[in-house]
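Okay, so here's the structure we're looking at.
There are 2 protein chains.
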Amino acid sequence: MLKKKNRLSAQAYIDGVLNGDRMVLSRAITLVESTLVSDQQLSEEVMEAVLPYTGKSIRVGITGVPGVGKSTFIEQFGTMLVDQGHKLAVLAIDPSSPASRGSILGDKTRMEQLSSDKRAYIRPSPAGTTLGGVSARTREAMLLCEAAGFDVILIETVGVGQSETAVKGMTDFFLLLMLAGAGDELQGIKKGIIEMCDALVINKADGENLEAAKKARREYANALHLFAAKENGWNPQVKICSGLSGHGLDAIWEMVQDFAEKMKFNGFFELNRSAQRVNWMHEHIRYLLEMKFYTDPVIKQNMGEMMEKIRKGEVSAISKAKEFVDLFLHSKDQ
Amino acid sequence: MLKKKNRLSAQAYIDGVLNGDRMVLSRAITLVESTLVSDQQLSEEVMEAVLPYTGKSIRVGITGVPGVGKSTFIEQFGTMLVDQGHKLAVLAIDPSSPASRGSILGDKTRMEQLSSDKRAYIRPSPAGTTLGGVSARTREAMLLCEAAGFDVILIETVGVGQSETAVKGMTDFFLLLMLAGAGDELQGIKKGIIEMCDALVINKADGENLEAAKKARREYANALHLFAAKENGWNPQVKICSGLSGHGLDAIWEMVQDFAEKMKFNGFFELNRSAQRVNWMHEHIRYLLEMKFYTDPVIKQNMGEMMEKIRKGEVSAISKAKEFVDLFLHSKDQ
């Protein structure tokens, strides 16, 4: 599948994306997700050209454990947004399968209503490889969506800490979906993630769950007071909602807008994005260094044998790493 | 503090470590944790020399949320081990403060009994910086402890997914401490971490908690059946214990020994360590590439101005990353 190379010209990608052509947008995202060295230059050319047209959306990261109702939430929340006239893009990261890449085609069918809605664009984002990683590719997919005219980007992530950190590092607003009836969880399980959040939203606040959700809201609101105030002056909010009935979703969107307004006013909106850009550069430097290293002919030629020796414990991993890096940098001399 | 350079000779480090001199061991760990370029060579020389004397311990990773009683568990478990004649080293990672480095001096006083016990060695391990990261330095600290004759290494970690993955990647046995009365947690919160574990241990199984712990043990044991069998043939165990009273700790140690015996018999013990060595090489390659990049005179000279432009959005992060990497590799030509 990696061999399939059905590429457009750079200009065709650029025009298509800027015209909001979804088919081309999808192909452009596939291009930037490609790990083929031969796609590198084309990918960079496209990204460079669309960059001036990016940045105008509000970027919202959404996380929560499996079972919390993320799909239903995004389905209803997204439908509300497009009904209000927004152009919505949803990017979903699947950190659970870094090896298989692109394993979550199921995601597309998960949000049936929204994925058949022409006002929304849903894109599952593979978790990436050692060369690159989650964040670099997802960020580029996000920028392509912005260039294509989408003004609200939802980036969904599941699971443990690593992907959350990556998504936090590329969004304006970070929302954690939770369930009522937690109790013990408060004392730490999600502490690292709770601290990163701009809002905790207790989902499934409907029917018999409603009272428990209200109770949980009070508890979390109290708990949030324990954390240090954020530099940007924003106090993380606790909301309840029902992804199923849609109740409370409007208040969540109002909160996001309120956040964006306040942050733009106090300058932290741009400050956050500036810091994210600098981090992005560092990430890309890492990506390029590794890419150039591992695709270097001299390195490729010797890597197999050396890995075998390291596997057997015949040579030390650190000294060989040093030798290889020196070899790589030296090979540039010639 | 980073400027303080009170270094020994390579031979003095090597002799001291191999003789089991704790003072020198501590200084050697400080040396390998150093991010000073000037320490790099000395550090490598010491590591190379001690490597043949490493690998003979059993390496146990211990994780669990704050409040689960890790310190008390390690205190009692560790005391039991040294009473049995083992030489025990405890390395504690603090992922919560990547910025401040070495912030957890408090750890030393946390385990009062054990830290004053001459048969044990406790070392807090700072979370590391962009150049290096948690795993590289902690792994080297672990190897130094092995070279100094410690035959059981406990590596403690807290918090979200990233540090757990790192610790899993350098240990033989990975143990998750939990509390009873979880319920909802089962459905996913720690799923990513539960899947990595060789044992779930429900702590604080004492007094009024005992029945709840037993119930939780049944529930987790049932839940573990849902996961795919591990390649190495080991079925993750669920145990209960009381770090406070010490009850159940002997059974945990028996389990670890049983694991090691089985894995050595079926070859997965060495297979796992081989794979870890290969990963270690890749991690070290990444570290060296970045270290050489960021300390390159040409890069250092231009980085400040470029970061300012990226911060302001005047230039694109990816094109500048590319330019810099090319500049770096080109500067090696001269």
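Top to bottom, those sequences are chains A and B.
Per the UniProt record's numbering: the first sequence = residues 1 to 334.
Per the UniProt record's numbering: the second sequence = residues 1 to 334.
For every residue, glycine included, the Cβ atom is placed at its ideal position computed from N, Cα and C.
Short CB-CB distance (under 8 angstroms) between residue i and chain B
i	result
residue 352 of chain A	Given a span of 1 to 334 for chain A in the structure shown, any question on residue 352 of chain A remains unanswerable.
residue 90 of chain A	no
residue 128 of chain A	Interpretation of residue 128 of chain A is limited by its pLDDT of 48, a score under 50 that renders its predicted location unreliable; the figure taken from the coordinates is listed afterwards. No, no contact with chain B.
residue 280 of chain A	yes
residue 230 of chain A	no
residue 215 of chain A	no
residue 59 of chain A	no
residue 319 of chain A	yes
residue 345 of chain A	This structure gives no information on residue 345 of chain A, because the portion of chain A shown stretches from 1 to 334.
residue 274 of chain A	yes
residue 177 of chain A	no
residue 325 of chain A	yes
residue 277 of chain A	yes
residue 307 of chain A	yes
residue 316 of chain A	yes
residue 114 of chain A	no
Proximity test, Cβ basis, 8 angstroms: residue i and chain A
i	result
residue 285 of chain B	yes
residue 255 of chain B	no
residue 49 of chain B	no
residue 137 of chain B	no
residue 44 of chain B	yes
residue 293 of chain B	yes
residue 167 of chain B	no
residue 7 of chain B	no
residue 22 of chain B	no
residue 87 of chain B	no
residue 123 of chain B	no
residue 173 of chain B	no
residue 310 of chain B	yes
residue 142 of chain B	no
residue 322 of chain B	yes
residue 71 of chain B	no
residue 245 of chain B	no
residue 329 of chain B	yes
residue 263 of chain B	no
Residue i and residue j closer than 8 angstroms at C-beta
i	j	result
residue 180 of chain B	residue 216 of chain B	yes
residue 140 of chain B	residue 32 of chain B	yes
residue 177 of chain B	residue 318 of chain B	no
residue 48 of chain B	residue 316 of chain A	yes
residue 147 of chain A	residue 18 of chain A	yes
residue 296 of chain A	residue 328 of chain A	yes
residue 25 of chain B	residue 253 of chain B	no
residue 200 of chain A	residue 60 of chain A	no
residue 75 of chain B	residue 113 of chain B	yes
residue 276 of chain A	residue 142 of chain A	no
residue 153 of chain A	residue 202 of chain A	no
residue 238 of chain A	residue 221 of chain A	yes
residue 88 of chain A	residue 119 of chain A	yes
residue 22 of chain A	residue 121 of chain A	yes
residue 144 of chain B	residue 50 of chain B	yes
Start and end residues, alpha helix (DSSP H) containing residue i
i	result
residue 154 of chain A	Premise fails: residue 154 of chain A lies in the beta strand (DSSP E), 152 to 157, not in any alpha helix (DSSP H).
residue 213 of chain A	210 to 224
residue 49 of chain B	37 to 50
residue 26 of chain A	22 to 33
residue 115 of chain A	112 to 115
Supposed close pair residue i, residue j - CB separation, criterion 8 angstroms
i	j	result
residue 198 of chain B	residue 242 of chain B	So it is not a contact: roughly 21 angstroms between Cβ atoms.
residue 172 of chain B	residue 272 of chain B	7 angstroms
residue 168 of chain B	residue 288 of chain A	Going by Cβ atoms, the distance from residue 168 of chain B to residue 288 of chain A rounds to 28 angstroms, so no, they are not a contact pair.
residue 339 of chain B	residue 320 of chain A	Since the first residue of chain B shown is 1 and the last is 334, residue 339 of chain B is not available in this structure.
residue 13 of chain A	residue 46 of chain A	5 angstroms
residue 285 of chain A	residue 325 of chain B	6 angstroms
residue 223 of chain B	residue 58 of chain B	Actually they do not touch by this definition, with Cβ atoms about 27 angstroms apart.
residue 219 of chain B	residue 196 of chain B	Going by Cβ atoms, the distance from residue 219 of chain B to residue 196 of chain B rounds to 19 angstroms, so no, they are not a contact pair.
residue 72 of chain B	residue 244 of chain B	6 angstroms
Limits of the beta strand (DSSP E) - the one that residue i falls within
i	result
residue 315 of chain B	Neither: residue 315 of chain B is in no beta strand (DSSP E) and is coded neither H nor E.
residue 8 of chain A	Segment: none, residue 8 of chain A is in no beta strand (DSSP E) and carries neither H nor E.
residue 170 of chain A	First-last for residue 170 of chain A: undefined, no H or E at that position.
residue 179 of chain B	Element bounds for residue 179 of chain B: n/a, residue is neither H nor E.
residue 199 of chain A	199 to 202
Identify every run of the beta strand (DSSP E) within the segment 52 to 86 of chain A, keeping only runs that are complete inside it and at least 3 residues long; order them along the chain.
Entirely contained in the segment 52 to 86 of chain A, the beta strand (DSSP E) runs reaching 3 residues are, in chain order, 58 to 63.
Fully enclosed by the segment 236 to 294 of chain B, which alpha helix (DSSP H) runs are 4 residues long or longer?
Taking 4 residues as the shortest admissible run, the segment 236 to 294 of chain B contains the following complete alpha helix (DSSP H) segments, listed from N- to C-terminal end: 249 to 266 and 268 to 294.
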